[in-house]
Amino acid sequence: MRSSIGIVRRGRHEESHVESRPRLQDVAVRAGVSLTTASHAFSGRRPVSARTKAAVFKAAFDLGFVADARAEHHSVGLLLRPPEAVPGFASGTASFAALSGAVMVALLGAGFSVSSFLTLDDIGDQVGRLDAFVLLHPNRQDEVLRALVRRGIPTVSYDPDPGEGAFPWWVGPDYAASTQSMLRHLSDRGARRPALIVGSTPNMYMTSIAGLYLQEMRRQGLAPLIRELDPESARAGGRAAAESLLKLREPPDAILTSSGVFAVGAIEAVQTAGGQVPTDLLVACMMDGSVAELSRVPVTAMRLDVHASADHVTALLKRRLRGEPPPPLRHRLELELVERASTFREGAPGLSGRRSRGA
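Residue numbering for the sequence shown follows numbering that gives the first Met the number 0, beginning at 0 and increasing consecutively.
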């Protein structure tokens with residue numbers, strides 16, 4: 000039988016006192032089965048019908064039943080929330096794979112058992128066997144995060160839910176500051192009319208980029224030039240968006256994108272129109288990866304240290320499972336601007352940080 004554990008709850012969803020966790024007995028009562036049957040549903044030591052097992056697992060999730068926080072080993076569910084993560088991998092986007100892989104390895108290295116999912120519906124018979132969850136890139140008012148918090152299941156996230164400011168258990172980069180750094184870089188390279196091609200997924204990454212871009216355009220008295228795309232439109236979407244921008248009476252002289260595949264599509268649009276990157280137009284993206292680095296015109300991008308990110312996620316989860324309060328000061332991860340050929344112009348001021356021009 001799994002014993003109860005305590006968790007510290009703060010904020011709107013979390014109370015300041017330590018509450019006992021649901022017991023296996025509570026799960027059995029809610030499912031309408033005996034304690035022995037509930038135990039066998041989890042252990043597999045005796046046959047339990049699929050219908051009964053499903054009822055037990057549903058009761059476990061509804062109650063927020065998890066394992067003993069004092070146990071030597073924990074099982075963690077890793078949830079990758081952006082809907083474009085898996086389809087995007089097929090089209091060349093590797094940033095989600097890099098981060099989720101790094102987080103999984105860091106968790107394994109810390110002694111956790113890890114199972115990965117896209118939605119709660121995918122968890123199935125793992126419900127109740129998982130002691131905690133890690134969410135990567137939750138969406139605005141993310142229903143999965145809300146369900147886990149509502150049930151009191153220990154959860155941490157990489158990036159906050161942009162529509163839920165009360166959840167304190169997250170780490171992530173300051174995307175707004177990074178976007179500002181990239182726009183400043185484009186300005187230093189001669190851009191006076193930058194455009195933005197951004198994905199439509201409502202997470203902190205996308206909303207921060209778009210929000211800072213709009214703020215900066217207003218500050219400079221410029222009309223914003225934005226194309227919002229379904230991230231799954233990939234390179235073709237980036238190319239079509241760039242083509243529409245280039246046909247404007249006053250086209251942009253730089254294009255910033257939220258992904259490497261959009262940036263590569265934008266470069267193709269410029270070249271098809273008879274122009275050259277970076278001579279006629281600058282192109283950059285906000286998240287580095289192999290697509291940007293290995294493009295025919297290597298793309299300037301912001302690089303994330305996935306190893307440091309994974310370590311911070313793991314440390315936060317361990318803190319949560321120890322029953323400690325959220326850190327009083329949140330560590331904000333830094334993105335590194337890597338300059339490549341798509342924005343490099345001879346005679347332009349150099350970067351104070353790292354420069355990589357690629358091919």
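C-beta atoms are modelled at their ideal positions from N, C-alpha and C, and glycine is treated no differently.
query: Taking 8 Å as the cut-off, does the segment 154–171 touch the segment 317–327 (at least 3 CB pairs, one atom from each stretch)?; result: yes
query: At what residue ranges does the segment 111–148 contain a whole run of the alpha helix (DSSP H), taking only runs of 4 or more?; result: none
query: I'd like to check one pair, residue 185 with residue 283: are the Cβ atoms closer than 8 Å?; result: yes
query: Would you tell me roughly how many angstroms separate the C-alpha atoms of residue 336 and residue 305, rounded to the nearest one?; result: 15 Å
query: Under the assumption that residue 134 contacts residue 156 (Cβ atoms under 8 Å), give the Cβ distance between them as a whole number of angstroms.; result: 4 Å
query: Check whether the segment 255–264 touches the segment 276–293, counting contact only when three or more Cβ pairs, one atom from each stretch, lie closer than 8 Å.; result: yes
query: Give me the residue from 267, 320 and 139 with the minimum Cα distance to residue 160.; result: 139
query: State the DSSP-derived secondary structure class of residue 322, mapped to helix, strand or coil.; result: coil
query: With a threshold of 8 Å, are at least 3 pairs of Cβ atoms found where one atom belongs to the segment 90–102 and the other to the segment 301–317?; result: yes
query: Count the other C-beta atoms from every protein chain shown that fall within 10 angstroms of the C-beta of residue 110, then say buried if there are 16 or more, exposed otherwise.; result: exposed
query: Residue 157 bridges to which residues according to DSSP?; result: 135 and 170
query: Cβ atoms of residue 228 and residue 251: under 8 Å apart, would you say?; result: no
query: Residue range of the beta strand (DSSP E) that residue 195 falls in?; result: 193–198
query: If we count the other Cβ atoms within 10 Å of its Cβ and call it buried at 16 or more, is residue 35 buried or exposed?; result: exposed
query: Helix, strand or coil for residue 242 per DSSP?; result: helix
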